[in-house]
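S.K.: So the sequence shown is numbered by our numbering: it starts at 3 and just counts up by one. Yeah, the Cβ is synthetic: ideal placement off N, Cα and C, and Gly gets one too.
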Amino acid sequence: MKKVNLQFFAGTPSKRAYRINIKKPVYSVLTSDDSTASVYGEVKSLGEAMEIQITPTLATGTLYGDGAKVDDSAKITGIDMQFGSTKIPIEHRAEMLGNTYVDGILVENKGDQSKYIAFGYEVEQTNGKRECVWLLKGKAQPISSTSQQSESNINYSTDSIKISFIPRTFDGAIRAFGDTANEAFTDEKADAFLSDVPNTFAGE
Numbered sequence: 003m004k005k006v007n008l009q010f011f012a013g014t015p016s017k018r019a020y021r022i023n024i025k026k027p028v029y030s031v032l033t034s035d036d037s038t039a040s041v042y043g044e045v046k047s048l049g050e051a052m053e054i055q056i057t058p059t060l061a062t063g064t065l066y067g068d069g070a071k072v073d074d075s076a077k078i079t080g081i082d083m084q085f086g087s088t089k090i091p092i093e094h095r096a097e098m099l100g101n102t103y104v105d106g107i108l109v110e111n112k113g114d115q116s117k118y119i120a121f122g123y124e125v126e127q128t129n130g131k132r133e134c135v136w137l138l139k140g141k142a143q144p145i146s147s148t149s150q151q152s153e154s155n156i157n158y159s160t161d162s163i164k165i166s167f168i169p170r171t172f173d174g175a176i177r178a179f180g181d182t183a184n185e186a187f188t189d190e191k192a193d194a195f196l197s198d199v200p201n202t203f204a205g206e
């Protein structure tokens with residue numbers, strides 16, 4: 003097997019680590035996004051994560067010439083995320099989905115409009131490493147939930163929500179994440195990463 007010469011790769015090589023858990027789901031409302039800046043509100047917890055599934059949306063194209071494929075291109079246009087939670091707090095449901103929330107009661111109306119949000123979470127890895135992730139501009143669909151009767155065993159009910167993310171107007175960014183398996187992303191950076199939604203990135 004041919005060995006890869008790491009000197010051709012920019013930055014620091016990553017150490018071996020495998021994803022084993024997700025935790026710390028958070029969100030922040032995107033209050034404005036234009037060519038000059040993207041501005042977010044307070045970062046808030048979304049309870050306890052059970053599952054996160056990420057599916058990129060792509061624009062693809064294939065070119066044929068002389069009866070054969072001569073070029074093939076694909077680029078990311080967005081990301082669809084399915085988030086499973088033990089339970090999403092009612093006040094955060096209302097804020098994300100544009101529902102009415104007064105005195106502990108949430109009312110869903112046919113005219114409600116979801117707000118753009120950023121969604122962040124942490125992925126626990128082996129060897130004490132972790133990934134920290136922000137998806138930067140997306141709208142959530144109404145929350146799905148499962149409820150069932152407890153019989154001989156206790157059956158827990160859970161929530162599921164789909165959020166579709168698009169590029170920010172400000173800089174075209176869709177997702178940002180760091181991995182402490184690469185020593186350039188230090189534990190100090192990881193500790194602070196989910197405190198605020200990133201607006202600019204080093205090297206820009």
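1. If we ignore side chains and look at the alpha-carbon of each, how far apart do F203 and W136 end up?
2. Would you kindly work out how many angstroms separate the C-alpha atoms of Q151 and T160, rounded to a whole number?
3. Scan the stretch 62 to 104 and note each continuous beta strand (DSSP E) run of 3 residues or more that stays entirely inside, going in chain order.
4. Determine the contact status of I107 and K139, defining contact as a CB-CB distance below 8 Å.
5. Check the C-beta distance from I119 over to V31 and give it rounded, since I have them as a contact under 8 Å.
6. Give me, in chain order, the residues of the same chain whose beta-carbon lies closer than 7 Å to that of V6; leave out the 5 immediate sequence neighbours on both sides.
7. Using only alpha-carbon positions, find the residue among G80, V199, R95 that is nearest to S87.
8. Please list, in chain order, all residues of the same chain as E126 whose beta carbon is under 6 Å from its beta carbon, the five residues on each side excluded.
M.R.: Inspection of the coordinates gives the following:
1. Roughly 13 Å between the two C-alpha positions.
2. When only Cα atoms are considered, Q151 and T160 end up about 13 Å apart.
3. Scanning the stretch 62 to 104 from its first residue to its last, the whole beta strand (DSSP E) runs of 3-plus residues come out as 70 to 87, 102 to 104.
4. Result no, Cβ atoms of I107 and K139 do not sit closer than 8 Å.
5. With a Cβ gap of about 5 Å, I119 and V31 count as contacting.
6. Reliability of the predicted coordinates at V6 is poor, the pLDDT of 41 falling under 50, and no value is obtained from them.
7. Per the Cα distances, R95.
8. If the five residues before and after E126 are omitted, its C-beta is found closer than 6 Å to the C-beta atoms of I22, N23, R132, all from its own chain and listed in chain order.
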